[in-house]
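Chains as they are written, first to last, in the working numbering: chain A, 1 to 642; chain B, 1 to 642.
There are 2 protein chains.
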Amino acid sequence: MSKVIFEIEGGAPVTVECNPGDNLLELARRSNVAIDAPCSGNGSCGKCRVQLLEGEAESLKSRHISEEEWNAGWRLSCNTKVLGDLRVLVPDIASAYQSRMKTADLSTGKEVAIFEEMQENLKAAGVEFINDFMALDLQMEEPTLEDTMPDVERLTWAVKAAIEVEQVHIPFAVMSRMAKVLRENNFHVCVKGQHKGDKFECMELCAPEDTALIGCAIDIGTTTVTMVLMDLTTGKILAKGSSGNGQIRYGADVINRIIEQGRPGGRKKLQDAIIKETLNPILANLCASIGISARSILRLCIGSNTTMNHLLLGVDADPVRMEPYIPSFFGWEGLLAGDLKLTAHPLAPVSIAPNIGSYVGGDITAGTLASLIWDKDEMSLFIDLGTNGELVFGNRDFLMSCACSAGPAFEGGDISCGMRATDGAVEACTIDKETMEPTLEIIGNPGQKPVGICGSGIIDLISELFRCGIINARGLFDREGSRIRRDKHGSGRYVIAFEEESETGREISINEVDIDNFIRAKGAIFSAIETLLNSVDMTVELIDHVYVAGGIGSGINMRNAVNIGMFPDVELEKFSYIGNSSLTGAYAMCVSDPANEKCAEVAANMTYLELSTYPGYMDSFVAACFLPHTDASLFPNCLRED
Amino acid sequence: MSKVIFEIEGGAPVTVECNPGDNLLELARRSNVAIDAPCSGNGSCGKCRVQLLEGEAESLKSRHISEEEWNAGWRLSCNTKVLGDLRVLVPDIASAYQSRMKTADLSTGKEVAIFEEMQENLKAAGVEFINDFMALDLQMEEPTLEDTMPDVERLTWAVKAAIEVEQVHIPFAVMSRMAKVLRENNFHVCVKGQHKGDKFECMELCAPEDTALIGCAIDIGTTTVTMVLMDLTTGKILAKGSSGNGQIRYGADVINRIIEQGRPGGRKKLQDAIIKETLNPILANLCASIGISARSILRLCIGSNTTMNHLLLGVDADPVRMEPYIPSFFGWEGLLAGDLKLTAHPLAPVSIAPNIGSYVGGDITAGTLASLIWDKDEMSLFIDLGTNGELVFGNRDFLMSCACSAGPAFEGGDISCGMRATDGAVEACTIDKETMEPTLEIIGNPGQKPVGICGSGIIDLISELFRCGIINARGLFDREGSRIRRDKHGSGRYVIAFEEESETGREISINEVDIDNFIRAKGAIFSAIETLLNSVDMTVELIDHVYVAGGIGSGINMRNAVNIGMFPDVELEKFSYIGNSSLTGAYAMCVSDPANEKCAEVAANMTYLELSTYPGYMDSFVAACFLPHTDASLFPNCLRED
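Set out below in structure tokens:
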């Protein structure tokens, strides 16, 4: 047995035992040490850097580690074998996203405004914000020798006297505490439950003053989890919070997580990572912050992609990934918080927005609900840029959806200087055409130095490099200057921040390989749009609205996204950024039973197009892997200053 | 800390630590050492005898321990304090009932015949033996790229194709295993569940050959638990078993158990005693004996008194005992086997036959169902002689019920030589008037010597002593002879077995205190019958049938029971012994949905008479405390040979 000590920057060290030969990244995962590994440990992303401080290990060289860094002990943990006792430094940068992820979580006024506007639009579209949850104040007669009605019958009658129902269902959990609660409160109690048609389903029996009816809307993204608690009666938001998805240490994308869950004990491990390590801590925090008991949370609604909701339920997700790509469920009713041991009332129903296909999930259904594109005569395109890219196109008569695997580029994966949208990320930039000097907008407090660049920043950067003629249509460097450096083979890179300008003391730059990776990602999005439209015999000119959702930064510069050929070249006023539409939809499902039904209806009416087997998609993709496109006529408004 | 070693006759010793001053019976209970203590440790029954072998203890003297026994170290454990390290012998006789209780558990041909006749009668009365449990054989198409329906939808469609339903409900437990089970069985599976109207409730998804649909009927008596497993489709009995109720070490009667459950941790302790220590071992044994998985048990129906079903559910039973005597529930739907962690399918519904009042419970409702008295024009009296005595009187137009506290006499409590109906119990006897010599029928193998006398034997004995003029109407000894002995105060006793004739080497005799106790018990029964009839302006002449149920022996000599004034003096052919009617009713509820509904209907139509507050009951009781009664004209056929 060897002993490995992980010295975690800004945290307590973790000591674990292992066998010589064990993989260091694997060991970190087993030991709950967060190391960022978006590529799930295949050596391609270069994000899982650690520094060997002491001891024996064997690593492979990597293009992500310079000679100088190698000599200082830097290694990729994914290709490092433990040979004996070991002490390694785990940089804080790698785990920073976990607690400080900036995303569309209603933390800014702008996000809240978008969120509220969308709810108002839903109401205006005729979706009533009502639900069947109730808290009944029941004052019963205390039993006497003349009135010997038992507790269950007494309560049943009291409910029937308060509201018009034929059946009152009392579950075991309520039943078993009834004698005590009734007597402690002298038969004056609050009963919480659901009033369904001629039936009342009791969920909670408590003191008369405890009348809280709380709902919880959750967006479970592959990368980030966002949650709001609201008053189920008034719809008022009471608390909000977010954190990284704890599953991230098992891989950045859904494919790697599905592989991971297929290993022995994997399903349980991934389920624990999302429930015990992610959802429950946020739930507990939010409850504490507003001083309520978790038992007050009586309904949960979840927007999540197909893989995420399978992993949440602990259902084997392998069939999602393997041909013929069969999820266990699209829509499914009957889940209770207690089934998942969520920090909420165990009898609280958990509604998962229904999936459409293996790669278009409930997050898109919920987002589509929120976007209102199902209510319009005009043609709308809905784009959700998460870890995958998902698209929905249509109007009140039809809805087509598809997903494309853009890879992790929009979240900073596959880009050497890429990072998620956390502190230190360059989220926007412009370049002076003359001097080629950049002006950066960086996430964080004033004075924050750059650490890397996130999705929205990369879009700006590539658009600006292209506009200024620094790179050509194939993403290769065409100009020279102090910010342009080249390796021994002549391959160029643009330096965003020199060593002395960066937070880490390492140069931040984008090279031709990065740009090529990004062009493939944006090409996947554009060709998916083109193919989706093509499948219904439409062209981009016929698009009336484009709704862009997702959290790849606090927003996207639409002009730049069009400029690089990621989004279609339509009038800029047709674009709307609608934030975290999955959360918005989940919120509506929680507060509004009609929204919940509408969501199921939207899902039932949506057609899923499997892109990977659709004729012409690959050709379209290859043609889109240029700036802005091989067919420049598709982008008449492209800015290319000569 | 002191160390106490319980040397259990015929078992492994149990060693426990305790504090000096701890009560020895309490300590035995905490340590799961079975010591018979029908009076729950108040010193009155004298059953909790142990022999001090070594060490220090402090005990009170007791009329139950002779001088000679005291010197040999015999003590009542209920009044013994541990003073230091101790070694005590726990006689096997005390714990014998636990495994060898003889009761109406379908172990004899006669019992089975009664049981089967009652089921046939139910069918003849129009109660159809059908239920909504089904095992569907589903052969689905395997998914392909062209047929990408998810698992849940695929299964739902297959169920809808097999039976006519609109909704198919799939619970989480089925959902979470679905992907695996479907693929392991190449989409050819068996689905078990309940077909309720236009809905099918899935309960189990398994290999196509596993089609077992098993039901379980349970009678939970205060003293004994009896169970049968049956095929839910054919009704065939597959296995049967019984054992003592593990709660017995917390008191022989319901009052003492309610007191015990009210102590800290008591509810859990009593619930564990019935579920973990009693029901689950029998369930596991029965499943093993017929080679089925406990998951095949898909329905359970229980007949139990009000206290027993409250303790089973872990619901506070204190209000049952305390004025105004309010149970938590009469009827209540919604219990699942998983709620109680019963060894059965966790989703199996558990139906508890509804209670009528604090002391007339579901065992009586189930028994009344089985007795068919609700279907007759004639007037019937139903008597269940368990630890309490419960009565129902009426016909198809009305049903009146009441309970009387006969005390533990019928089960051998409060009688110095009394014992439960286990091996060694005298269960019947006659006495030669001339010689006063008894002829005994003893439970057990041929040659079994007597240990004590059980309820049916006591009825015979007192009737015979009275018939032969050995005792008078007040139960005092009137004759002398070799079998009549007197103490120094002149108080007499009749020796059933001399020292050398008994299994234990101790004299077995019945004394005037015992006889007085028994007369009070039989007086309680008779006065309850009289009061119940009186409450509806009826007299004994109007009784057409008397059904006697219960397990106080393998049967009762009705002639003798009338002779001592316990049962009314009606024609002997009006009496029928119907065995364990609670189990018979529970069986019918399990196999037949209509029986289940009928049981609820019977309960709803039954009126409960609270005897303790009914005017005239006490007078009636006092008048009945003679042999056969102070008003001899009520018993014209009484045998009293002069």
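Note that CB positions come from ideal geometry on N, CA and C, so glycine has one too. The model shown is predicted, which means the values in this text are computed figures rather than measured ones.
At which residue ranges does the stretch 553-641 of chain A contain complete alpha helix (DSSP H) runs of 4 or more residues, listed in the order of the chain? Taken in chain order, the whole alpha helix (DSSP H) runs of length 4 or more contained in the stretch 553-641 of chain A are 558-563, 581-591, 593-604, 617-624.
Using a 10 Å radius around the Cβ and a threshold of 16 neighbouring Cβ atoms, would you call residue 240 of chain B buried or exposed? buried
Just the chain B side, please: which residues come within less than 9 Å of residue 600 of chain A by C-beta, in chain order? Within chain B, no residue comes near residue 600 of chain A; the closest Cβ sits about 13 Å away, beyond 9 Å.
Taking the alpha carbon of residue 14 of chain A as the reference point, which residue from A:490, A:23, A:27 has its own alpha carbon closest? A:27
Quick one: Cα of residue 380 of chain A to Cα of residue 224 of chain A, how far? 26 Å
Unbroken beta strand (DSSP E) run spanning residue 15 of chain A, endpoints: 14-18
When you compare the CB of residue 180 of chain B with every CB in chain A, is at least one pair closer than 7 Å? yes
What is the rounded straight-line gap between the Cα of residue 393 of chain B and the Cα of residue 90 of chain B? 44 Å
Measuring CB to CB, does residue 232 of chain A end up less than 7 Å from residue 238 of chain A? In this structure, residue 238 of chain A does not lie closer than 7 Å to residue 232 of chain A by Cβ.
DSSP state of residue 2 of chain B mapped onto helix, strand, coil: It is a strand residue.
Determine the burial state of residue 145 of chain A: buried for a count of at least 16 other Cβ atoms within 10 Å of its Cβ, exposed for fewer. Exposed, by the Cβ-count rule.
For residue 10 of chain B, which three-state DSSP category applies? coil
Is the stretch 176-185 of chain B in contact with the stretch 147-155 of chain B, if contact means three or more CB pairs nearer than 8 Å? yes
DSSP three-state assignment for residue 414 of chain B, whether helix, strand or coil: coil
Kindly indicate if chain A contains any beta-carbon less than 7 Å away from that of residue 176 of chain B. yes
For residue 343 of chain A, which residues in chain B fall below 8 Å Cβ to Cβ? Going along chain B, no residue has its Cβ under 8 Å from residue 343 of chain A, so there is no contact; the nearest lies around 17 Å.
By the criterion of Cβ-Cβ separation under 7 Å, what are the contact partners of residue 335 of chain B in chain A? 172
Residues of the stretch 311-330 of chain A with Cβ closer than 7 Å to any Cβ of chain B, in chain order: Cβ contacts with chain B come from 313, 314, 315, 316, 319, 323, 324, 325, 326, 327, 328, 329, 330.
Does residue 143 of chain B have its Cβ less than 7 Å from a Cβ in chain A? For residue 143 of chain B, at least one C-beta of chain A is nearer than 7 Å to its own C-beta.
Against chain A, with Cβ distances strictly below 7 Å, would residue 593 of chain B count as a contact? The Cβ of residue 593 of chain B sits no closer than 7 Å to any Cβ of chain A.
Quick check: what's the CA-CA separation for residue 119 of chain B versus residue 572 of chain B? Straight-line Cα distance between these residues: approximately 24 Å.
Short of 8 Å Cβ to Cβ, which residues in the stretch 518-531 of chain B face chain A? none
Around the Cβ of residue 654 of chain A, are there at least 16 other Cβ atoms within 10 angstroms (buried) or fewer (exposed)? The structure shown has nothing for residue 654 of chain A, since chain A only spans 1 to 642.
Among A:294, A:408, A:314, which residue has its Cα nearest to the Cα of residue 520 of chain A? A:408
CB-CB under 6 Å to residue 527 of chain A, same chain, minus the five flanking residues each way: which ones, in chain order? Counting only Cβ-Cβ distances below 6 Å, and skipping sequence neighbours, we find 620, 621, 624.
Assuming the contact rule is C-beta atoms closer than 8 Å, residue 582 of chain A and residue 366 of chain A should be a hit. Round their C-beta distance to whole Å, please. The distance from the Cβ of residue 582 of chain A to that of residue 366 of chain A is about 5 Å, consistent with a contact at the 8 Å cut-off.
Residue 24 of chain A and residue 82 of chain A: beta carbons closer than 7 Å? yes
Give me the chain B residues within the contact set of residue 225 of chain A, using Cβ-Cβ distance strictly less than 8 Å, ordered along the chain. Near residue 225 of chain A there are no residues of chain B at all, since even the closest Cβ is about 21 Å away, more than 8 Å.
Nearest-angstrom Cα distance between residue 644 of chain B and residue 612 of chain A? Since the first residue shown for chain B is 1 and the last is 642, residue 644 of chain B is missing from the structure and cannot be characterised.
For residue 324 of chain A, which option in A:309, A:357, A:333, A:453 has the closest C-alpha, if you only look at C-alpha atoms? A:357
Per-residue DSSP class, three states only, for residue 649 of chain B: A question about residue 649 of chain B goes unanswered here, because the residues of chain B that appear run from 1 up to 642.
Rounded separation between residue 17 of chain B and residue 87 of chain B - CA only: 12 Å
So with Cβ pairs under 7 Å, would you call residue 156 of chain B a contact of chain A? no
For residue 152 of chain A, return the contacting residues in chain B, with the cut-off set at a CB-CB distance below 9 Å. 327, 328, 329, 330, 331, 332
Are residue 352 of chain B and residue 431 of chain B close, meaning C-beta to C-beta below 7 Å? no
Under three-state DSSP, which class holds residue 281 of chain B? helix
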